[in-house]
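Everything below concerns the one structure shown next.
Residue numbers (this note's numbering): 862 to 1026.
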């Protein structure tokens, strides 16, 4: 079993992924952390030093590697499904779940996050909500190709298990 969690940054892919992996007795991988370990740099460092295009290439390579893993829950980066044919790769190699969470909830979470997020640095809460809303509209055509969609930020793990099994 291979499960890909997709959605905008701050939607809870890593948090839910860890819980879901434990619940289903699977391993968990956060794709951004995987990229950082493989490249010996943080995601913000890769963005700053090499640019988004190079980061997306590294992300694709990581996705191809993780697509060979078994019994795993993978929390992808927010943009991962939107580049190359990544969403097709994920749909062809596993079960995709789009965590479709309200932009206001995402903005609130991101404003209080300890994680550095290069794409949203320096934005006010209202600017952030507007930015997220615009990004979700652009990414919707990719995100909505997921096999399943979750709109509840605190969904019960048994509900997900029943959905995908």
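Every residue, glycine too, gets a C-beta built ideally from N, C-alpha and C.
Rounded to whole angstroms, the gap between the alpha carbons of residue 894 and residue 878 is 13 Å. Taking residue 916 as reference, the option from 1018, 952, 962, 897 with the minimal CA-CA separation is 897.
In this structure, the CA atom of residue 1008 is about 18 Å from the CA atom of residue 882.
The residues 924, 925, 928, in chain order, have a CB closer than 8 Å to that of residue 950 in the same chain once the five nearest residues on each side in sequence are set aside. Residue state for residue 882 is assigned as helix, using DSSP reduced to three classes. Taking all protein chains in view, the Cβ of residue 922 is surrounded by fewer than 16 other Cβ atoms within 10 Å, so the residue is classified as exposed. Pairwise C-beta distances place the stretch 865-872 in contact with the stretch 953-966, as three or more of them are shorter than 8 Å.
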